[in-house]
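Student: In the UniProt record's numbering, the protein residues as written are 1 to 873.
All residues carry an ideal CB built from backbone N, CA and C; glycine is no exception.
If you're wondering where the values come from, they're calculated on a predicted model, not measured in any experiment.
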């Protein structure tokens with residue numbers, strides 16, 4: 001194809017995209033006033049400034065600076081790509097492609113209505129576009145070809161389609177959290193598939209084109225060398241071009257591989273905890289430790305250097321840990337150290353076990369050293385490009401391989417709150433696995449490895465760490481800790497809006513009493529300040545005389561202070577927060593409070609019971625026991641401290657003589673039952689009319705319910721309490737199962753296995769011949785048709801009572817195979833370690849030797865689990 005015909009075909013593509021944009025949004029891009037303004041802009045800065053003018057609604061949000069930084073990255077990326085002949089001369093358009101994207105962005109920003117959920121979605125979208133354009137930047141160094149031009153134009157067309165859909169959704173007032181949720185599920189699947197294919201084409205074309213360019217440069221160098229008139233500078237210039245291109249290609253490849261590895265390991269984010277701990281740090285806190293001799297001694301020690309900092313509940317260990325991390329991070333930024341840190345967190349499952357710790361540490365380290373990154377990348381490739389999940393033992397060995405690389409800067413591993421790792425009856429428990437890792441690392445005498453651990457001085461932790469510890473600090477015995485508490489008390493009393501108006505004598509008395517009774521506990525001091533600041537001036541002295549001596553007594557006082565009319569409301573709040581598998585958003589918890597639990601085993605959901613202001617209701621009802629935290633733009637509810645949950649679930653509270661506070665003791669069985677009942681109720685409440693991203697927005701709890709209901713229902717003593725609801729959900733004659741799996745499929749098959757043929761052949765359902773693939777009719781019909789039988793999902797989730805119900809009462813076939821892997825219910829139960837379910841399936845004739853497509857059997861799965869494989873893989 002000659003240049004002229006190529007330009008013509010590109011023009012047709014782009015003009016069609018402009019027409020599609022106008023159809024979706026009702027706005028013609030080429031004639032929009034912004035388009036002319038962008039065409040008059042002469043620099044990246046002027047384009048960015050014009051976009052910022054359209055984004056005035058962002059000014060009140062903390063992400064404001066991030067939005068503008070992303071916008072500049074997008075504009076810069078477009079500018080570099082557009083500067084090449086690829087977009088600059090190949091297309092004669094009514095509006096240049098880059099300006100079309102700029103105008104589309106401006107219209108999208110102007111559609112923002114000041115809703116946090118919209119903001120989250122926009123940030124996701126801009127990050128995706130910026131990332132993609134960074135990859136395209138390499139083409140600015142390569143002479144354009146027809147093939148490359150075609151691919152880049154198609155990519156720009158897809159980006160324009162994305163902007164159109166996003167603008168349409170924002171204008172219709174349907175905000176979503178993630179980029180793909182901007183659209184209906186099927187719309188985004190189509191776009192992502194197209195972009196994925198284009199990405200593959202781009203990679204192949206770039207490789208071929210680069211070889212062609214390099215070959216041409218080599219030929220030119222031969223001419224240069226043979227030409228006595230040409231200086232060596234020309235040779236050096238050609239070599240520099242080759243070197244720069246190779247460097248860019250290698251970096252692009254490494255970045256892509258690192259992102260693949262991150263998605264594979266799915267590490268929990270330690271920065272969320274770190275930022276919260278750092279935000280709680282009072283000015284000057286922990287400076288005594290930074291200036292002490294212990295920190296530099298530990299940092300300069302050789303192998304077997306472990307610092308253990310321990311203290312009672314509420315001693316401020318996490319805040320101190322954040323100070324240590326920041327101190328070492330300064331060294332890391334100067335190239336003097338590698339740093340990985342992890343905050344164990346009782347509120348999040350993936351922050352309470354060894355796998356979460358290892359995956360987070362490995363990803364952090366691989367970003368700090370090319371040698372480390374190569375080892376982790378090789379580990380990923382050895383697991384068939386991430387198609388197989390590694391066992392804990394393999395992850396540990398990978399970490400040891402990384403730590404054993406010679407010639408690297410010192411490695412610092414910091415672990416906070418080890419006592420928050422689960423210490424269950426499992427053999428071994430998650431906490432024991434982490435302690436074993438620390439023992440292995442210390443005994444292996446890895447050079448230049450230094451470990452810092454903070455925890456309570458619990459017996460099992462003390463027994464494991466004391467023999468390994470080179471430096472041990474008890475915060476209770478440190479004078480600097482006492483000074484920190486004293487400074488904190490003085491600062492709050494003299495600056496708090498309520499307390500600073502007190503008489504000087506009252507303030508001095510409060511400071512004196514709190515310092516004397518603090519016993520090294522920041523948490524105790526904080527709770528007393530929350531209580532005292534609300535006292536009338538005449539009650540301050542009396543309140544000081546009645547201060548509780550311990551944290552237990554402090555929490556007991558908080559429970560007694562809850563208004564009797566709010567008992568049920570408060571108790572339900574505390575129960576749900578105690579058993580949630582991830583921190584609950586305010587809107588989700590508000591839904592749980594909208595059920596009538598007196599209507600039977602499965603409570604009824606009443607939308608008119610929703611709280612108008614759940615934030616105020618929580619804060620006014622539970623005082624210092626619960627906290628609302630803004631995490632990445634979402635308000636979540638959590639216990640204000642680990643010691644709160646510990647107290648509420650303790651035998652101390654169950655056996656207290658105080659009747660009022662004893663009422664709030666949380667039985668884990670009852671709490672899990674309540675959560676399971678609420679989750680099942682909301683899933684049964686939904687019908688096929690809710691099967692759209694927009695309709696689902698009306699039910700904030702639905703996503704959590706779909707993902708975690710069976711985890712709640714499996715807890716000991718719960719299944720018999722929710723049996724009726726589970727049977728209704730799994731009833732093959734109803735749509736409930738399909739609705740659940742549409743929201744969240746726990747087997748999580750990759751999208752490429754979700755084919756029309758696989759679904760229709762299993763269910764014996766044939767769409768009308770005139771129904772074209774991908775049509776709205778087909779999407780609606782297939783959306784609620786699970787990719788496996790009810791028995792497959794019951795076996796996968798470990799629901800013994802439902803497995804029996806489906807086999808006996810609904811005659812479901814234990815031999816049935818589903819999915820491309822030809823999995824039977826027994827395969828799924830064995831892979832997840834559900835031994836009781838596997839036995840029932842075997843009793844009803846399931847084949848233990850049945851092979852999947854890759855030749856594995858249920859027995860293979862069981863053996864892998866026994867040797868440390870991940871049951872969630």
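Looking only at its chain, what residues have a beta carbon closer than 8 angstroms to the beta carbon of residue 791, apart from the 5 residues adjacent to it on each side?
Tutor: So the qualifying residues of the chain are 803, 806, 807, 812, 813, 814, 816 and 825.
Student: Compute the Euclidean distance between the alpha carbons of residue 681 and residue 605, then round it to the nearest angstrom.
Tutor: Distance between the alpha carbons of residue 681 and residue 605: 7 angstroms.
Student: Below 8 angstroms on the Cβ atoms is my contact criterion, and I expect residue 455 with residue 310 to pass it. Report the Cβ-Cβ distance as a whole number of Å.
Tutor: That pair is a contact at about 6 angstroms.
Student: Quick check on the DSSP output: the beta strand (DSSP E) that includes residue 502 runs from which residue to which?
Tutor: Premise fails: residue 502 is in no beta strand (DSSP E) and is neither H nor E.
Student: If you follow the beta strand (DSSP E) that residue 341 is part of, which residue opens it and which one closes it?
Tutor: Unbroken beta strand (DSSP E) run through residue 341: 337-343.
Student: Would residue 875 and residue 164 be called neighbours here (beta carbons separated by less than 8 angstroms)?
Tutor: Outside the displayed range of the chain (1 to 873) lies residue 875, so it cannot be described from this structure.
Student: Output the distance between the C-alpha atoms of residue 818 and residue 744, rounded to the nearest integer angstrom.
Tutor: Answer to the nearest angstrom: the Cα atoms are 18 angstroms apart.
Student: Decide yes or no for the touch test of the region 310-328 against the region 275-292: beta carbon pairs closer than 8 angstroms, at least 3 of them.
Tutor: Touching, yes.
Student: Would DSSP call residue 389 helix, strand or coil?
Tutor: Three-state result, residue 389: coil.
Student: State the CB to CB distance for the pair residue 559 and residue 661, rounded to an integer number of angstroms; the pair is presumed to be in contact (CB under 8 angstroms).
Tutor: Confirmed, about 4 angstroms.
Student: Under 8 angstroms, with one C-beta from each stretch per pair, do the region 564-578 and the region 621-640 reach the 3-pair mark?
Tutor: Verdict: yes, contact present.
Student: When DSSP builds the beta bridges, which residues end up paired with residue 414?
Tutor: Looking at the DSSP assignment, residue 414 forms a beta bridge with 341 and 452.
Student: Can you find at least 3 beta carbon pairs, one from the region 454-469 and one from the region 480-491, that sit closer than 8 angstroms?
Tutor: In short, these stretches do not touch, since the Cβ pair count stays below three.
Student: Evaluate the contact criterion for the region 527-541 versus the region 610-630: three or more CB pairs, one atom per stretch, below 8 angstroms.
Tutor: Verdict: yes, contact present.
Student: So for residue 123, helix, strand or coil by DSSP?
Tutor: Of the three classes helix, strand and coil, the one that applies to residue 123 here is helix, per DSSP.
Student: Where are the beta strand (DSSP E) runs, 3 residues long or more, that stay fully inside the region 629-710, in chain order?
Tutor: Fully enclosed beta strand (DSSP E) runs of 3 or longer: 634-639.
Student: Using DSSP with H/G/I as helix, E/B as strand and the rest coil, what is residue 156?
Tutor: Three-state DSSP puts residue 156 in a helix.
Student: Which class does residue 594 belong to by DSSP, given the choice of helix, strand or coil?
Tutor: Coil.
Student: Report the rounded CA-to-CA distance for residue 532 versus residue 563, giving the unit in angstroms.
Tutor: About 18 angstroms.
Student: For residue 98, which option in 685, 108 and 159 has the closest C-alpha, if you only look at C-alpha atoms?
Tutor: The shortest C-alpha separation from residue 98 is found at 159.
Student: For residue 309, report the span of its alpha helix (DSSP H) as first-last.
Tutor: Unbroken run through residue 309 is the beta strand (DSSP E), 305-310; no alpha helix (DSSP H).
Student: Applying the criterion that 16 or more other CB atoms from any shown protein chain within 10 Å of the CB defines a buried residue, is residue 494 buried or exposed?
Tutor: With fewer than 16 Cβ atoms within 10 Å of its Cβ, residue 494 is classed as exposed.
Student: So, does the region 494-509 touch the region 336-343, judging by three or more C-beta pairs under 8 angstroms?
Tutor: No: the two stretches stay apart, fewer than three of their Cβ pairs being nearer than 8 angstroms.
Student: Report buried or exposed for residue 336, applying the criterion of at least 16 other Cβ atoms within 10 angstroms of its Cβ.
Tutor: Exposed is the call here.
Student: Helix, strand or coil: which one does DSSP assign to residue 541?
Tutor: In this structure, residue 541 counts as helix in the three-state DSSP scheme.
Student: Check whether the region 434-448 touches the region 265-280, taking contact to mean three or more Cβ pairs, one atom from each stretch, closer than 8 angstroms.
Tutor: No, the region 434-448 does not touch the region 265-280.
Student: Could you work out which residue in 31, 76, 111 and 721 is closest to residue 166 when comparing CA atoms only?
Tutor: Per the Cα distances, 111.
Student: For the region 546-554 against the region 664-677, do three or more pairs of beta-carbon atoms, one drawn from each stretch, fall closer than 8 angstroms, so that the two count as touching?
Tutor: Judged by Cβ distances under 8 angstroms, the region 546-554 makes no contact with the region 664-677, as fewer than three pairs qualify.
Student: For residue 16, count neighbouring C-beta atoms within 10 Å of its own C-beta (all shown protein chains included) and say buried if the count is 16 or more, exposed if not.
Tutor: Exposed is the call here.
Student: Just to confirm my understanding: we take residue 286, look at its own chain, exclude 5 residues before and 5 after, and list those with CB closer than 6 angstroms. What are they?
Tutor: Once the five neighbours on either side are set aside, the close Cβ partners of residue 286 are 320 and 323.
Student: Considering only the alpha carbon of each residue, which of 346, 304, 438 and 428 lies closest to residue 410?
Tutor: Checked all of 346, 304, 438 and 428; the closest Cα to residue 410 is 304.
Student: Assign residue 834 to one of three DSSP states: helix, strand, or coil.
Tutor: In the structure shown, residue 834 sits in coil (DSSP, three-state: anything other than H, G, I, E or B).
Student: Can you list, in chain order, the residues of its chain with a C-beta nearer than 6 angstroms to that of residue 672? Leave out the 5 residues immediately preceding and following it.
Tutor: Around residue 672: 579, 712, 715 and 718.
Student: Going by CA-CA distance only, name the one from 436, 827, 354 and 126 that's closest to residue 857.
Tutor: Comparing Cα-Cα distances from residue 857 to each of 436, 827, 354 and 126, the minimum goes to 827.
Student: Nearest by alpha-carbon distance to residue 100: which of 28, 125, 53 and 127 is it?
Tutor: Closest by alpha carbon: 28.
Student: Considering just the uninterrupted stretch of the alpha helix (DSSP H) at residue 880, what are its terminal residues?
Tutor: Beyond the ends of the chain as shown, which are 1 and 873, falls residue 880; an answer cannot be given.
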